[in-house]
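Engineer: Below is a structure I'd like to ask you about.
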Amino acid sequence: MIQQSCWRSGLILLSCMLFGGACASKQGNTVSPVRSDMILKIDARNGPTPSHRDSVIQAKQSGVKTIVVKLENVSGVDDHELLELVELEVKELLKKYGFTQEQYSLVKCPQACAP
Numbered sequence: 433m434i435q436q437s438c439w440r441s442g443l444i445l446l447s448c449m450l451f452g453g454a455c456a457s458k459q460g461n462t463v464s465p466v467r468s469d470m471i472l473k474i475d476a477r478n479g480p481t482p483s484h485r486d487s488v489i490q491a492k493q494s495g496v497k498t499i500v501v502k503l504e505n506v507s508g509v510d511d512h513e514l515l516e517l518v519e520l521e522v523k524e525l526l527k528k529y530g531f532t533q534e535q536y537s538l539v540k541c542p543q544a545c546a547p
């Protein structure tokens, strides 16, 4: 099995799921993805950051076709409207860089969840 890692995000926020093998971003590990699927972890308490934007741009440029966005720590957001705003920001970010609604899904995790 060939070991595969993901793009460097600067934070442990990005991981990819590649059917040829799984990979997870750790600080300092950097290589290109091979398959067209990825998982993007976003902390709901912070919302999307510039590193998430960079990851989405790299995903598009690398031919990623589908993204699963894991919105983590949603239980840490007390205001329901604020959580909806974070979801909207994520959707707008993906749309801005060419991902259609059919190309991504959003999964809410009460806390940090495994890749």
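In our numbering, the protein residues as written are 433 to 547. Beta carbons: idealized from backbone N, C-alpha and C, even for Gly.
Which residues in the same chain have their Cβ closer than 6 Å to the Cβ of Lys527, if we skip the five residues on either side of it in sequence?
Structural biologist: One-based indexing of the sequence shown puts residue 527 at position 95. Closer than 6 Å at the Cβ level, and outside the excluded window around Lys527, lies no residue.
Engineer: Shortest alpha-carbon distance to Val518 belongs to which of Lys497, Phe531, Pro480, Ser507?
Structural biologist: Translated into positions along the sequence shown, residue 518 becomes position 86. Comparing Cα-Cα distances from Val518 to each of Lys497, Phe531, Pro480, Ser507, the minimum goes to Pro480.
Engineer: Just to confirm before moving on: does the CB-CB distance between Cys541 and Leu503 stay below 8 Å?
Structural biologist: Residue numbering aside, residue 541 sits at position 109 when the sequence shown is read from its first letter. Residue numbering aside, residue 503 sits at position 71 when the sequence shown is read from its first letter. Yes. Within cutoff.
Engineer: Between the C-alpha atoms of Tyr536 and Lys497, what's the straight-line distance to the nearest angstrom?
Structural biologist: Reading the sequence shown from its first residue, position 104 is the one you call residue 536. Reading the sequence shown from its first residue, position 65 is the one you call residue 497. Roughly 9 Å between the two C-alpha positions.
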